[in-house]
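Structure first, commentary second.
Protein chains: 2
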Amino acid sequence: MRSSAPGCHSQLVKTSEDLPLHQRLGAEFLRRIESGEWPEGLPVPSESQLCAEFGTSRGPVRQALAMLRSAGSLVGGRGKPPVARRTTPSQPFGTFLSFTQWARTIGREPGQSTVEVARRRASAETAARLGLAEGEPVVELVRLRLLDGVPAMLERSTFVHEVGRILFDFDPDHGSVYQELLRREVDLHHARHTIDAVAAGPQDADLLRVAAGDPLLRVRRLTTSSQGVPLEDADDRYLPAMATFTIENTIEGRTVIGRYRTEED
Amino acid sequence: MRSSAPGCHSQLVKTSEDLPLHQRLGAEFLRRIESGEWPEGLPVPSESQLCAEFGTSRGPVRQALAMLRSAGSLVGGRGKPPVARRTTPSQPFGTFLSFTQWARTIGREPGQSTVEVARRRASAETAARLGLAEGEPVVELVRLRLLDGVPAMLERSTFVHEVGRILFDFDPDHGSVYQELLRREVDLHHARHTIDAVAAGPQDADLLRVAAGDPLLRVRRLTTSSQGVPLEDADDRYLPAMATFTIENTIEGRTVIGRYRTEED
DNA sequence: AGTCAAGAGATGTATGTACAAGTTACCGTC
DNA sequence: GACGGTAACTTGTACATACATCTCTTGACT
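Going line by line, the protein sequences match chains A and B.
Numbering-wise (the numbering used here), the first sequence opens with residue 234 and increments by one.
Numbering-wise (the numbering used here), the second sequence opens with residue 234 and increments by one.
Okay, structure coming up:
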């Protein structure tokens, strides 16, 4: 909010916000599609109609339509007006990274009990994954994650020291670690999740209350900054009955990912 | 190469192909990034320089840059020239759907032995997933998939009858089922993969040569047409040592998926 | 030497124009 | 009635221009 000095700009109307025109148009178009005002499967108004309605030139309208098209909400071609298509929206990064956010989106109450948080020296493997020399200090965080009070996942997370030291000023039993890191402006930008299956080890079995050797869904996660510097290396082990991962892809190339509870209720 | 007829169009140069200008520019820019001509991490030439070099206006240049930006090959901002970034390209749908294609991309020889292919009546669960009435005819295909001759995955696939009957004219031990279905113009358009972990059952253990109860990585796949009609319901069980799935996502929303061998070799 | 302001240059945004290329509907002809 | 051509309309592409906004450098002043 920097332009409150009166008479400074000419400003005039700027209906709602101070965003660029094509973004406001895109938001409005998306609203109309999702609200059903532009019914699915039917052609949307032509560009010239939209220009007339909003009193703009074709540029912003086309930019907005291109945005929706790349998001998959519009399909269509040359000569014929584009057709609206409702799609499941997804803002995967946050909800995919944060157990807390994910739990809330599926309507369950997240919980956690910290098993340990400690500064120690990096082992050979984690050092290699984090791009550190063996023996450099790192911060390890082990937490049992709960859904509605029931154990669902065991998280073993290793942070580089610069990021991990933030955790000593933070109670990992209350609130989301990721939210805290983002609030402290840690540059969490990119994550690679590697999914496989493992047999439960003794500690896994004990904390997750299953038998040793039972199958667990393991997700190893390497989170890096926008410059590609590794920040976190994690090993999450889910009870298969509590969570599954889904990938949806289409032949056109769009891909959305998600994490869901298994269907049994 | 269509422009050899003299004087037919005015055509002039049109360097290589007959594609729209911004697509040719985008391809050229991408080539320069991937060839290292525009080194990674360094700013690329400014828009006006590019306009001058190719003798075009800013429009097509900006369109091409926007294309690369959305593909993740360019990052950058306002006022400062964008920075090149090499990324792993991905065309996930084909390689993600087809075991055969995937195996080849990781440099291994795919193999398979068909356990059974049969027409039978849909069970309650598969009928529900495929949107059929219980008892309608479906085609079930069970195959053991191999990598370099070693068992890697057990595939249990159920096709709706209209698609499945194609398989009776086809030898599933040689060649890719998916390639065959696409060749026959089956409208495979969308797939939802649900990933979890299960304990190996008796048949799994026998065919994959592990002990019953050992953890397996299960991927249930529902493939649908572009109209959303279910075509295939599959249950693939991977040896965790032979394959893992990866998901990469960034805070900007781009997501790529892949299937890899585990690191041990 | 350090600091701040001005300016040059870059990208982002928006308008207007023009033409190419595809789709649809209409209408006259056979 | 069937066929084919044309006209109107739509989107795709391209160019020219203008201004806003941000970045970085330069240079003068303290």
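A virtual CB, placed ideally from N, CA and C, is assigned to each residue, including glycine.
Spanning the alpha carbons of A:Leu-330 and B:Ala-366 requires a straight line of approximately 39 Å. Look at the region 287-304 of chain B: the residues with a C-beta under 7 Å from a C-beta of chain A are Ser-303. Where A:Asp-447 is concerned, there is no enclosing alpha helix (DSSP H), because DSSP gives it neither an H nor an E. Rounded to whole angstroms, B:Gly-269 and B:Leu-258 show a C-alpha spacing of 17 Å.
Residues of chain A with a Cβ closer than 9 Å to the Cβ of B:Phe-478 are, in chain order, His-426, Thr-427, Ile-428, Asp-429, Phe-478, Ile-480. Around the beta carbon of B:His-394, fewer than 16 other beta carbons lie within 10 angstroms, which makes this residue exposed. Chain A places no beta carbon closer than 8 Å to that of B:Leu-374, leaving this residue out of the contacts. In this structure, the CA atom of A:Ser-458 is about 12 Å from the CA atom of A:Asp-466. In this structure, A:Pro-473 lies away from A:Leu-440, with their beta-carbon atoms at least 8 Å apart.
When the five nearest sequence neighbours on each side are left out, the beta carbons in the same chain lying within less than 6 Å of the beta carbon of B:Arg-352 are those of Pro-370, Val-372, in order along the chain. With 16 or more other Cβ atoms from the protein chains shown falling within 10 Å of its own Cβ, B:His-426 counts as buried. At a C-beta separation below 8 Å, B:Phe-392 has no neighbours in chain A, since its nearest C-beta there lies roughly 18 Å away. In the structure shown, A:Thr-328 falls within a helical segment according to DSSP collapsed to helix, strand and coil.
Scanning the region 358-443 of chain A for uninterrupted beta strand (DSSP E) segments of 3 residues or longer gives 370-380, 383-393, 423-432, listed from N- to C-terminal end.
A:Gln-345 is bridged by DSSP to A:Arg-378.
Interface annotation, B:Ala-366: not in contact with chain A, CB-CB separation never under 8 Å. With fewer than 16 other Cβ atoms from the protein chains shown falling within 10 Å of its own Cβ, B:Ala-357 counts as exposed. Taking 8 Å as the cut-off, the beta carbon of A:Arg-319 is found no closer than this to the beta carbon of A:Ile-399. Straight-line measurement puts the Cα of B:Arg-362 at about 27 Å from the Cα of A:Leu-380. No Cβ-Cβ contact shorter than 8 Å links B:Ala-445 with B:Gly-461. When 7 Å is used as the limit between beta carbons, A:Ala-336 is near no residue of chain B, the shortest such separation being about 17 Å.
Around the Cβ of A:Ala-317, a 10 Å sphere holds 16 or more other Cβ atoms; the residue is buried. Just so you know, the alpha carbons of B:Glu-418 and B:Val-410 end up roughly 12 Å apart.
The three-state secondary structure of B:Glu-267, taken from DSSP, is helix.
Between A:Pro-343 and A:Phe-332, the C-beta spacing is below 8 Å. Listed along chain A are Thr-488, each with a C-beta nearer than 8 Å to that of B:Val-489. Identification of chain B residues near A:Ala-432 by a Cβ-Cβ cut-off of 8 Å yields Asp-447, Pro-448, ordered along the chain. Beta-bridge partners assigned by DSSP to A:Ile-490: A:Ile-480. B:Gln-282 and B:Ala-424 have their C-alpha atoms spaced approximately 43 Å apart. Taking the Cα positions, A:Ser-306 is about 15 Å away from A:Gln-256. Chain order gives no chain A residues near B:Leu-380, where near means a beta carbon separation below 8 Å; the closest approach is about 15 Å. When the beta-carbon positions are compared, A:Gln-412 and A:Arg-378 stay at least 8 Å from each other. Cα atoms of A:Cys-284 and A:Arg-291: separation of roughly 6 Å, rounded to the nearest angstrom. Look at A:Leu-307: its C-beta is not under 8 Å from any C-beta on chain B. At a cut-off of 8 Å between beta carbons, A:Phe-401 makes no contact with chain B.
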